[in-house]
Amino acid sequence: MFRFYFFLLFLFLGFTASAQNDIVIKGTVVDINTQLPMELATVYFTTVKDSTIIEYATTDKNGFFSISTKKYDKPVFLKINYMGYQPYFEEEKGLLASKDYGKLYLLENVNALDNVVVKSEAAPITMKKDTLEFNASSYKVRPDSNVETLLKQLPGVDVDNDGKITVNGKQVTQFLVNGKPFFDKDGAIALKNLPAEIIKKVQVSDYKTKKEELSKQESTSDYSSINLTIDEKKNKGFFGKIVGGYGSDDRYESSLIMNFFNNQRKISILASSNNINSTGFSMDDVFDNMGGGRNSKGLSGSSSGGGKGITQSNLVGFNYSDDWGKDLAATASYDFSNTINENKSKSDQTSFLPTGNIQTSSESNTRNENTGNNANLELVYKINPTTQIFVLPKLSQSRSNNNSDSSSFSEDENGQPLNESNSKSYTESTNTSFNNVINFNKAFEKKNRNLSLVLINANTSSDSDALNLSKTIFYQDTKPNDDRNQNTKKNTVSDSYSLDVEYTEPITDSLRVRFGSDFDWASTINDEKTFNFDPGTQSYSDLNLSLSNYITSKQNSISPKVGITWQKNKFTVNLDSRTAIVDYNNHSLYLNTTTDLNQKYVLPYGGGQIRYKFNKSKNLTFKYDYSNTLPTSAQLLPVLNLSNPLNTIIGNPDLNPIEKNSANFSFRNFDFRTRSGYSLFVKADYYNNDVVSTSVYDDSGKRTTTYANISGTYITSVGGNWNQSIKKDAHVLRYGVGLNGSYSFDKGYTNAVLYNAKSTAITPKVYLAYDYGELLTIAPSYSLSYNETSYENYSRDATSNVIHKINLQTTSYWPENLVFGNDFGYTYNSNISSDFKKDFFLWNTSLSYGILDKKMFVKVKVYDVLNQNQSATRTISSTSIRDEENTVLKRYVMFSLSYKIGNFMSDKKESKKRGKERF
């Protein structure tokens, strides 16, 4: 593993050294009449041949700009744009050496006649403080293209085969439309459904929390946010898509999405129903919900199809946003969902002991149905120019019923039977929760001085009613068998409130001090009663005290805090420190015995972040955090939990808090001209003190589990990736490599013997995507996952596993109106148990034909053409190896129709003219 880390370090140093060969172009932009410097003027180089952007920068408050770029030996234009000024052009034979242009002058537009309009070229890229803005009309796309196609044309933007988007090497995790969410935070719906022709600007900035946004603090995240602004002339209209399909084995799918725009008002309606493992709706016009569900999105933004079993789902959603006056903006959403999941599972598990192993074979059949209602409201009110309030209430309600029929059999390594269990259960449960965030921010006359108040509450109530019929047989001692016919009723109420008060005071232009306090209050009540079946009354009326308990947990804390931010030139430093004064009270009533644990803690926390921006696309970040976490009430209270006949659990009141140190280093670099970039990261978590479970097995294989503190465990991970995009005429080639690795050291107790486990994981990946104009896409990829764990004080010394995955996606858009897609994958799992198949092929294909000016598509698709799909997995942990197989969706054929509708208020002549005026 040391060699692997050394290789990545060597790679990093090599890339850093190559940066020494860059040339630097600099100069100062001033007003020709006033001789004053011009801040935020856009300076960029384009090729003379086709106006491709090579590199760009913006001027600072002194009018100065500096551009680092690779050498370029062909003619280029130097261009400068500033609103209200005539553009500056200068042709160069190439970019061959560093150069200082000195002063470059811009002339203000002066019109002699009122009816004379001076038109200037709109800059394709501009920088507005920390926001990178692309002018959408400067980039050529098909008239029927969506936003994702537009993003692929923007320099520095990369869209991989799975739809993940990065800008200058930073992943985009938030998409907004006119500054507001568009159903889902990750933007999948907007990217696939919004027409590119209505977009005016694409604005990229660092992702900020709402608190950072309102208080105008610097972003502390390593992610980006994209805001799409709609052209005012086209911000009235509607668009949508309707899909319906039916296939073999009664497989079906249907979905509807409609969006209505009227200036700042937006209304969206969404519905979906299917039984092909998609809890959302298709985001891919070619592969739909095939390919493991990776192209399916639910209203929460989560991918679907990758879970266990086969899921039938139904959902309906509504989203509304508008500006209620100039000072109040509102967004509201509601969704209803219903899912039914059926699964058959079997597993083989080897549990490690100091003197032997226990082999356990299990099988289960489950049916789970969940119904949910979720309503959200977001209000932003500007009380005055310096005061804002943000309110985000969320109300959720869910109901579920779960059926399970399971069995297990355990034996020792010599084949001697230890125990056997069979059980059936049925559970009904309900859950209601209300969460709310109130964020108040007051800015003062002095720059960067502000007051922030954040109030958060979370209130949850859940009830469950479970019937359990089980029989457990013990073979190796005189322990009586465990027979149960019981009804368990459980009620849980949880309430938490948090107030964050923070005041920021600027000391200088580059130094700010923050101080304040967090006030937290939390309470949880668990009331569980179990009743045995009484044959005399033929009802569940016999209270079982050993399986009933009443537990409460209360936690109150005050955490004064202080922090500083220093920002100078390319450096940003954030330091934070707080101390939590905690009153932690846990209470239980079990077997008519009361237990109270009242403890007080003083817990320090600290952290820091150092970020250095070499330029707009190259940055280095280092983070460190020190934290303490209290054990849960279940880990602390010495109360028996006998709900599992094969595992008795009891808490340990002598546990100390979890004490952790975390460090994170990352480096990103993107070369704008060559459209290539790489990133490196190193992460490490070290536990001065951790809480782990410890188990003691008896002769029949039954466990008694408690908790203990362990020190000196850690986990490290390191990785990097490199990618490049090459575009020449109609040919676009994107390729890249990635390498991730991790090493962990874990400790614990089994049968009172201290064990340790050292785990190593390495995952390399290589991928490629080739586009030939708008006719053909080919995207192969390969990944390997290697895992190895070595043990001490176990009967087993080591175990390992290797998984190979190969995938090839092809999509043909020729001849016209015909779309033919194939998604072919092969998976090989080397060391899985002989009871499971080691490898399988998964081939999905679709063929569609467009009619009615490509508004309607007729499609036939086949999922799992070879009928080989499976879900066998191996999981290696510090105490066991588990091989598991679950129900998967198998081959089906489906015929479907999809129809796109849309109409926007725009001039048709202008729409036709737009394509000719793009770069």
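Read in order, the letters of the sequence shown correspond to residues -19 to -1, 1 to 900 in mature numbering (1 follows the signal peptide of the UniProt record, and there is no 0). Ideal Cβ positions, reconstructed from N, Cα and C, are used throughout, including at glycine. On a predicted model such as this, the values are computed, not experimentally measured, just so you know.
Asked, Found
"Give me the DSSP bridge partner(s) of F241.", "F219 and I248"
"Consider the Cβ of I170: report whether some Cβ of chain C lies at a distance smaller than 8 Å.", "Of the chains in the structure shown, none is chain C; there is only one protein chain."
"Can you have a look at T459 and say buried or exposed, based on whether 16 or more other CB atoms are within 10 angstroms of its CB?", "exposed"
"Determine the extent of the beta strand (DSSP E) in which L870 is found, giving its start and end residues.", "Segment: none, L870 is in no beta strand (DSSP E) and carries neither H nor E."
"Here's the rule I'm using: 16 or more other beta-carbon atoms within 10 Å means buried, otherwise exposed. How should Q16 be labelled?", "exposed"
"From S294 to P162, what distance separates their C-alpha atoms?", "24 Å"
"Between G722 and S766, what straight-line distance do the alpha-carbon atoms span, to the nearest angstrom?", "10 Å"
"Can you name the residues that DSSP bridges to I631?", "None; I631 has no bridge partner."
"T576 and L618 - do their beta-carbons sit closer together than 8 Å?", "yes"
"I'd like the list of long-range same chain contacts for Y66, defined as Cβ closer than 7 Å, with 5 residues on each side in sequence excluded.", "L87, L88, E89 and N90"
"Taking the C-alpha atoms as reference points, what is the distance between F885 and F219?", "6 Å"
"What's the call for G754, buried or exposed, on a 16-neighbour Cβ count within 10 Å?", "exposed"
"So, under 8 Å CB-CB, S202 and V153 are touching, yes? Tell me the CB distance rounded to an integer number of Å.", "With 8 Å as the limit, S202 and V153 do not qualify as a contact, their Cβ atoms being about 11 Å apart."
"Quick test of the definition: if touching needs 3 or more C-beta pairs under 8 Å, does the segment 728 to 740 touch the segment 663 to 683?", "yes"
"Measuring alpha carbon to alpha carbon, tell me which of A424, K835, K818 and T408 ends up nearest N867.", "K818"
"Here's the rule: buried if 16 or more other CB atoms are within 10 angstroms of the residue's CB, otherwise exposed. What is K893?", "With a pLDDT of 44 at K893, under the threshold of 50, the modelled position of that residue is not reliable, and no figure is offered here."
"Around the Cβ of D834, are there at least 16 other Cβ atoms within 10 angstroms (buried) or fewer (exposed)?", "exposed"
"Checking the sheet assignment: what are the DSSP bridge partners for G802?", "T792 and S827"
"Which one or two residues does DSSP pair with N338 in a beta bridge?", "F333"
"Short of 6 Å in beta carbon distance, which residues of its chain neighbour K889, apart from the five on each side in sequence? Order them along the chain.", "Unreliable placement is indicated for K889, whose pLDDT of 46 sits below 50; the coordinate value is still reported in the next sentence. No residues qualify anywhere along the chain."
"Could you give the distance in angstroms between the alpha-carbon of T28 and the alpha-carbon of K222?", "40 Å"
"Three or more C-beta pairs under 8 Å: does that hold for the segment 421 to 439 against the segment 395 to 411?", "no"
"Starting from Q134, trace the alpha helix (DSSP H) both ways and give me its first and last residue.", "V128 to Q134"
"Kindly identify the DSSP beta-bridge partner or partners of R495.", "T485 and G544"
"Can you name the start and end residues of the beta strand (DSSP E) that S558 belongs to?", "F552 to Y571"
"What residues match up with E72 in a beta bridge as DSSP calls it?", "F58"
"Determine which residues share a DSSP beta bridge with D304 and list them.", "A310"
"Enumerate in chain order the residues of its own chain whose CB-to-CB distance from S647 is below 6 Å, with the five nearest sequence positions on each side excluded.", "T602 and F662"
"For K581, which residues in the same chain have their Cβ closer than 6 Å to its Cβ, ignoring the five residues on either side in sequence?", "D564"
"Only counting the same chain, and skipping five residues up and downstream in sequence, which positions put a Cβ closer than 6 Å to that of T505?", "S475 and S534"
"Relative to the alpha-carbon of S660, which residue among N670, V874 and R649 has its alpha-carbon at the smallest distance?", "R649"
"Please look up how many angstroms separate the CB atoms of I6 and P105, rounded, as I've assumed it's under 8 Å.", "Not a contact, Cβ separation roughly 18 Å."
"Tell me the start and end of each unbroken alpha helix (DSSP H) in the segment 189 to 234 that is at least 4 residues and wholly inside, in chain order.", "191 to 196"
"Starting from L714, follow the beta strand (DSSP E) in both directions and report where the run begins and ends.", "H712 to T731"
"State the Cα-Cα distance for the pair L131 and S771, rounded to the nearest angstrom.", "49 Å"
"Please confirm whether G298 and L251 have their CB atoms less than 8 Å apart.", "yes"
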